[in-house]
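K.L.:
Quick one: structure below, then a few questions.
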Amino acid sequence: MSVMTTDGAPDVLLVEFELARLDLAAATAALHSKDTTAARAEVENCRARIDRILDSWNAGVRVPL
Numbered sequence: 758m759s760v761m762t763t764d765g766a767p768d769v770l771l772v773e774f775e776l777a778r779l780d781l782a783a784a785t786a787a788l789h790s791k792d793t794t795a796a797r798a799e800v801e802n803c804r805a806r807i808d809r810i811l812d813s814w815n816a817g818v819r820v821p822l
């Protein structure tokens, strides 16, 4: 779990978003390769992570990820 702050937030959030996007792409590929409960859960976790990052961007507040 990482913590994002508004100190240098745009750069930090952009990096976090890019990493989350890459993780989502990998999780989606794994799901398409083999549709399992674990693979579906990983896709949902990645989507939730991206939602938290976008919420942080919009709110400009400290959010634990």
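Just so you know, we're using this note's numbering here: the sequence shown kicks off at 758 and counts up by one. C-beta atoms are modelled at their ideal positions from N, C-alpha and C, and glycine is treated no differently.
1) Can you give the Cα-Cα distance for VAL772 and TRP814, rounded to whole angstroms?
2) Nearest-angstrom Cα distance between CYS803 and ALA786?
3) Use the C-beta contact count for LEU832: other C-beta atoms within 10 angstroms, 16 or more gives buried, fewer gives exposed.
4) Quick one: grab the DSSP three-state call for ASP812.
5) Tell me, to the nearest whole angstrom, how far the beta carbon of ALA796 is from that of ALA782; I am working on the premise that it is less than 8 angstroms.
P.N.:
Taking the definition as stated:
1) If I take the Cα positions, the gap works out to 12 angstroms.
2) Distance from the CA atom of CYS803 to the CA atom of ALA786, rounded to whole angstroms, is 13 angstroms.
3) Past the boundaries of the shown model lies residue 832; the chain is included only from 758 to 822, so the question cannot be answered.
4) Three-state result, ASP812: helix.
5) Not a contact, Cβ separation roughly 13 angstroms.
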